[in-house]
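Novice: If you read the protein sequences in the order shown, they are chains A and B.
Here the first sequence stands for residues 2 to 379, where the numbers follow this note's numbering.
Here the second sequence stands for residues 2 to 379, where the numbers follow this note's numbering.
Cβ atoms here follow ideal geometry from the backbone N, Cα and C, with glycine treated the same way.
From a predicted model like this one, the values you see are computed outputs, not experimental measurements.
Protein chains: 2
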Amino acid sequence: MYYKQGLRLGILGGGQLGRMLIQAAVNLDLEIFVLDPDTDAPCRYLAKEFQVGSLKNYDTVYHFGKQVDILTIEIENVNVAALEQLEKEGIKVFPQPHVIKLVQDKGLQKDFYKQHHLPTAPYYLLQHKDELAQYLAFLPAVQKLRKEGYDGRGVHKIVSEKDYPNAFEQPSVLEQMIAFEKELAVIVARNANGDMAAFPAVEMDFHPEKNLVEYLFSPANIKNDIESKAVNIAIQVAENLGIIGLLAVEMFLTKDGEVLINEVAPRPHNSGHHTIEANMVSQYEQHLRAILNMPLGDTAIKLPAVMVNLLGEPGFEGPVHYEGLETAMAIPGVNIHLYGKKKTKPFRKMGHITITDPDLEKAKEKAQIVKQTLKAIT
Amino acid sequence: MYYKQGLRLGILGGGQLGRMLIQAAVNLDLEIFVLDPDTDAPCRYLAKEFQVGSLKNYDTVYHFGKQVDILTIEIENVNVAALEQLEKEGIKVFPQPHVIKLVQDKGLQKDFYKQHHLPTAPYYLLQHKDELAQYLAFLPAVQKLRKEGYDGRGVHKIVSEKDYPNAFEQPSVLEQMIAFEKELAVIVARNANGDMAAFPAVEMDFHPEKNLVEYLFSPANIKNDIESKAVNIAIQVAENLGIIGLLAVEMFLTKDGEVLINEVAPRPHNSGHHTIEANMVSQYEQHLRAILNMPLGDTAIKLPAVMVNLLGEPGFEGPVHYEGLETAMAIPGVNIHLYGKKKTKPFRKMGHITITDPDLEKAKEKAQIVKQTLKAIT
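#1: Would you mind sorting Lys149 of chain B into buried or exposed? The rule is 16 or more other CB atoms within 10 Å of its CB.
#2: As a quick exercise: from A:Lys5, A:Tyr4 and A:Ile23, pick the residue whose alpha carbon is nearest that of Leu13 of chain A.
#3: Tell me the rounded alpha-carbon separation between Gln128 of chain A and Lys102 of chain A.
#4: Quick one: which unbroken beta strand (DSSP E) runs of 3-plus residues sit fully inside the segment 213-260 of chain B? Chain order, please.
#5: Using three-state DSSP, classify Ile356 of chain B as helix, strand or coil.
#6: List, in order along the chain, the chain B residues whose C-beta lies closer than 7 Å to that of Val309 of chain A?
#7: Just to confirm, are Glu288 of chain B and Ala25 of chain B a CB contact at a threshold of 9 Å?
#8: Hey, out of B:Gln171, B:Pro172, B:Phe139 and B:Arg147, whose CA is closest to Ile159 of chain B's CA?
#9: Where Leu247 of chain B and Ala235 of chain B are concerned, what is the direct C-alpha to C-alpha distance, given to the nearest angstrom?
#10: Can you pull the chain A residues whose beta carbon is under 8 Å from the beta carbon of Lys363 of chain B, in chain order?
#11: Have a look at B:Asp30, B:Gly15, B:Ala231 and B:Gly16 and flag the residue whose alpha-carbon is nearest the alpha-carbon of Arg290 of chain B.
#12: Would DSSP call Met308 of chain B helix, strand or coil?
#13: Under 8 Å, with one C-beta from each stretch per pair, do the segment 346-366 of chain B and the segment 305-316 of chain B reach the 3-pair mark?
#14: Let me know the secondary structure DSSP gives Glu278 of chain B once reduced to three states.
#15: Using a 10 Å radius around the Cβ and a threshold of 16 neighbouring Cβ atoms, would you call Lys367 of chain A buried or exposed?
#16: Ignore the nearest five residues each way along the sequence and tell me which others in Ala231 of chain A's own chain have a CB closer than 7 Å to its CB.
#17: Going by DSSP, what residues sit across from Gly11 of chain B in a beta bridge?
#18: Is there a C-beta anywhere in chain A that falls below 9 Å from the one on Met197 of chain B?
#19: Spatial neighbours of Phe61 of chain B within its chain, please: C-beta separation below 6 Å, excluding the five flanking residues on both sides.
#20: Let me make sure I understand the geometry here. Which of B:His208, B:Glu170, B:Thr276 and B:Lys107 has the alpha-carbon closest to that of Ser219 of chain B?
#21: Would the beta-carbon of Tyr323 of chain B be found less than 8 Å away from any heavy atom of the ligand HEM?
#22: Report the residue from A:Met295, A:Val94 and A:Ile33 whose alpha carbon sits nearest the alpha carbon of Ile337 of chain B.
#23: Just reading off the alpha helix (DSSP H) that Ile370 of chain A is part of, what are its end residues?
#24: Considering only C-alpha positions, which residue in the set A:Glu240, A:Asn167 and A:Gln135 is nearest to Lys145 of chain A?
#25: Excluding the five sequence neighbours on either side, which residues of its own chain have a C-beta within less than 7 Å of the C-beta of Ile302 of chain B, listed in chain order?
#26: For a contact defined as C-beta to C-beta under 8 Å, what are the partners of His338 of chain B on chain A?
#27: Hey, would you say His117 of chain B sits closer than 9 Å to Asn263 of chain B, going by beta carbons?
#28: In the DSSP assignment, what are the bridge partners of Thr121 of chain B?
#29: Cβ of Asp70 of chain A less than 9 Å from any chain B Cβ?
#30: How is the alpha helix (DSSP H) around Val62 of chain B delimited, first residue to last?
#31: Just reading off the beta strand (DSSP E) that Val104 of chain B is part of, what are its end residues?
#32: Using the C-alpha atoms, what's the distance from Asn58 of chain B back to Leu47 of chain A?
#33: For the alpha helix (DSSP H) holding Met295 of chain A, just list the boundary residues, first then last.
#34: By the DSSP assignment, the alpha helix (DSSP H) with Ile92 of chain A in it spans what residues?
#35: Name the residues in the segment 245-274 of chain A whose C-beta lies less than 8 Å from a C-beta of chain C; which are they?
#36: Using only alpha-carbon positions, find the residue among B:Ala239, B:Ser272, B:Pro267 and B:Lys256 that is nearest to Met205 of chain B.
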């Protein structure tokens, strides 16, 4: 166990994931250091030290990391060279720099799955847009930027030649479009002892326009063999990566019962928010247990849950106002999480709501009401 | 609803109750101000502003209160005159100063119960020790200081004349000793609209020497009619007080099925810690909902639970070390809450552990193991 009271934990990124990680870290008496470029970041008042600076700058990340005992991330887009140096100098960096490096590049990710015989959609790596010409027979496909894409940004559908003009010029992955039935996610934790524990699979419902999770259902409505398959794949990815910390594995369930890895995130994840109220251990505490090399917590479900992302309402930009809060909070089992962002803009993640109910169908009905009622406007 | 984003909430007291209140307040995007005399108080890194100063000093409390929109407490022993002035000047002070004043004085508390025909043990008010002489026939009794007693301090058993030399000289309540079967507690919330909601009754097991809760069981093992009686009494007390916020009502269940009020606390309480993991809404969020005049949350039980206070081990005083943490955390359903106190001393509240399990008896077995394993030493 790496734990000691008052251990200095550094978090790269001060957004909502960092915020919820701190809420869990309070229970373990850790001293929290946060680095974020935004003076108004959600973690601004919750850390022992909140430092403003770039996550991509070598010196900034290096000097920040030198102050702490264990360094973790809540966002992948950080300076890995600095993390590699810190690791050499004996700072515990979890997830490890080699994992972050791999995850930062969707091309390396795909090659990794292929190399380890892990199921994923067929793909090609492109350097330039003009290479698309040779893959006409491969369409329809999805073109994903290898780097810096997230929350639906950096993704284009390439259905036919007509879409070529809109394609990305930069290095990308051209992935076969999967006719999937559902999108699933499994979050696995692995500590330095090699202990592993997976949360039950959840089912994600994406916003039709923006590539953002709109509803999440726990447990997923899938057969036991599919559940086992999804959990086993997630465990294999974590094991092959040798990751220390959490790994969220997003997967496609195809119409013929195949489970294919879509992508992974080596940190607490949007698909695990519900675990705060709905599982025996939350993903945030589990991440801490993993990086502190503590025994992993029980991932069992306490109650079925639906999670709804509270996205900035289209058409509104500016200081946020939450409309319908009172109505939403009057519904039994509704748990509101506001992220403390001062300004809203269309589709910005402003918060989330977890609805727990012994009956998942009732939770779904409540989620619909919440979705129609609670709005982040100005 | 008094709520708005970024509302400034002041908390008098920066101890563990304030700490857990902040963990809940994060979800509602409140700006937290904390006043505590101790620079190392558990809330020190979690507030937007943590101010060091006396809770009993008029000017300190007044100036602190002037900065915030809503002012609450996590300890009763605060300067009420300052709160009365702040209330006059339009600051929302919840619980209201008149409630705090009443609760600060166990004599006024007892008179209040009598006046409102609320069941409580027979008592006399004493100004001086020498008045004890006239109550010989009333013994055995418990002498409680009217003011400033807490966590078992300020309480003496007066079984016979032999105990008179040890009796308190200050103003006190002499209360008939109750041959009780169990001690129960019910936490009620009341908002400014007058909505009320009670948590199910819990059963408390006290440390034989120190008057501190050692184990708490949720739900209490009592018959339905006793549960109703306890809940109704708690609701009546809250209603008669007109309190806005949480009220924890501790009660004795006598061997012949009577329920008598022991004492009350107008704030989150040790007997409600388990609600964080074990109930649909936690007592901390419920307190916020009440003082923000929001709809109250669902108090239903998610899972049975046992709560164990982690008290400083006798014989140890100094910088704390938690022995057995790894073993305790390996048990499924164990939730550790360390309060971030740097130094331990005998019987100091250093943290608590909530064990949830679908089977309360299993939770009790686990609690015993935790109790034997996890120690706050130096």
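Specialist: Taking the structure as given:
#1: Sequence index remark: in the second sequence, residue 149 of chain B carries index 148 (1-based). With the sequence shown as reference, residue 149 of chain B is identified as Glu, and Lys is not the correct amino acid for it. It counts as exposed.
#2: Locating residue 13 of chain A in the first sequence gives position 12, where the first residue counts as 1. The residue with the shortest Cα to Cα distance from Leu13 of chain A is A:Ile23.
#3: As a position in the first sequence, residue 128 of chain A is number 127, starting the count at 1. As a position in the first sequence, residue 102 of chain A is number 101, starting the count at 1. Answer to the nearest angstrom: the Cα atoms are 19 Å apart.
#4: 214-219 and 246-255
#5: As a position in the second sequence, residue 356 of chain B is number 355, starting the count at 1. The answer is strand: DSSP assigns Ile356 of chain B an E or B state.
#6: Against the first sequence, residue 309 of chain A aligns to sequence position 308. Those do not exist, as Val309 of chain A stays about 14 Å from chain B at its closest Cβ, beyond 7 Å.
#7: Here residue 288 of chain B is taken as the residue at index 287 of the second sequence, counted from 1. Here residue 25 of chain B is taken as the residue at index 24 of the second sequence, counted from 1. First, the residue type needs correcting, since residue 288 of chain B is His and not Glu in the sequence shown. It is a contact, given that the beta carbons lie within the stated cut-off.
#8: Position 158 of the second sequence holds residue 159 of chain B. Cα-wise, what sits closest to Ile159 of chain B is B:Phe139.
#9: Walking along the second sequence from the start, residue 247 of chain B turns up at place 246. Walking along the second sequence from the start, residue 235 of chain B turns up at place 234. Straight-line Cα distance between these residues: approximately 11 Å.
#10: The sequence position of residue 363 of chain B within the second sequence is 362, counting from 1. Ordered by position in chain A, no residue passes the 8 Å Cβ test against Lys363 of chain B, which lies about 13 Å from the chain.
#11: Residue mapping note: residue 290 of chain B aligns to position 289 of the second sequence, counting from 1. For Arg290 of chain B, the nearest C-alpha among the options comes from B:Asp30.
#12: Counted from its first residue, the second sequence places residue 308 of chain B at position 307. Here Met308 of chain B sits in strand by DSSP.
#13: yes
#14: The count along the second sequence starts at 1 and reaches residue 278 of chain B at position 277. If DSSP states are grouped into helix, strand and coil, Glu278 of chain B belongs with the helices.
#15: Position 366 of the first sequence holds residue 367 of chain A. Answer is buried; the Cβ neighbour count reaches 16.
#16: One-based indexing of the first sequence puts residue 231 of chain A at position 230. The answer, listed in chain order, is Leu185, Val187, Ala202, Met252 and Val260.
#17: Here residue 11 of chain B refers to the residue found at position 10 of the second sequence. Looking at the DSSP assignment, Gly11 of chain B forms a beta bridge with B:Phe34 and B:Leu72.
#18: Position 196 of the second sequence holds residue 197 of chain B. Output row for Met197 of chain B: interface = no.
#19: Translated into positions along the second sequence, residue 61 of chain B becomes position 60. In the sequence as displayed, the identity of residue 61 of chain B is Thr instead of Phe. Here the set comprises Gly54 and Ser55.
#20: Residue numbering aside, residue 219 of chain B sits at position 218 when the second sequence is read from its first letter. Checking every option, the nearest Cα to that of Ser219 of chain B belongs to B:Thr276.
#21: With respect to small molecules bound, the structure shown includes none, and the ligand HEM cannot be examined in it.
#22: Taking the second sequence and counting its residues from 1, the one referred to as residue 337 of chain B is at position 336. Of the listed residues, the one whose Cα sits closest to Ile337 of chain B is A:Met295.
#23: The residue given as residue 370 of chain A occupies position 369 in the first sequence. Where Ile370 of chain A is concerned, the enclosing alpha helix (DSSP H) stretches over Leu361 to Thr374.
#24: On the first sequence, residue 145 of chain A is found 144 positions in, with the first residue counted as 1. For the residues A:Glu240, A:Asn167 and A:Gln135, the minimum Cα distance to Lys145 of chain A belongs to A:Asn167.
#25: On the second sequence, residue 302 of chain B is found 301 positions in, with the first residue counted as 1. Around Ile302 of chain B: Pro201, Ser219, Pro220, Ala279 and Asn280.
#26: For the purposes of this step, residue 338 of chain B is taken as the residue at position 337 of the second sequence. By Cβ distance, chain A contributes Asn28.
#27: Numbered from 1 along the second sequence, position 116 holds the residue referred to as residue 117 of chain B. Numbered from 1 along the second sequence, position 262 holds the residue referred to as residue 263 of chain B. Going by C-beta atoms, His117 of chain B is not nearer than 9 Å to Asn263 of chain B.
#28: Residue mapping note: residue 121 of chain B aligns to position 120 of the second sequence, counting from 1. Answer is B:Ile262, bridged to Thr121 of chain B.
#29: The sequence position of residue 70 of chain A within the first sequence is 69, counting from 1. No, no contact with chain B.
#30: Mapped onto the second sequence, residue 62 of chain B falls at position 61. Run containing Val62 of chain B: Tyr59 to Lys67, per the alpha helix (DSSP H) assignment.
#31: As a working mapping, residue 104 of chain B is identified with position 103 in the second sequence. Not the beta strand (DSSP E): Val104 of chain B falls in the alpha helix (DSSP H), residues Pro98 to Gln105.
#32: Taking the first sequence and counting its residues from 1, the one referred to as residue 47 of chain A is at position 46. Taking the second sequence and counting its residues from 1, the one referred to as residue 58 of chain B is at position 57. If you take the alpha carbons of Leu47 of chain A and Asn58 of chain B, they lie about 27 Å apart.
#33: Residue 295 of chain A sits at position 294 when you count from the first residue of the first sequence. No alpha helix (DSSP H) holds Met295 of chain A; DSSP gives it neither H nor E.
#34: As a first step, residue 92 of chain A must be located in the first sequence, where it is residue number 91. Ile92 of chain A -> no alpha helix (DSSP H), and no H or E assigned at all.
#35: In the structure shown, chain C does not exist; the protein chains are A and B.
#36: Taking the second sequence and counting its residues from 1, one reaches residue 205 of chain B at position 204. Ranking the options by Cα distance to Met205 of chain B, first place goes to B:Ser272.
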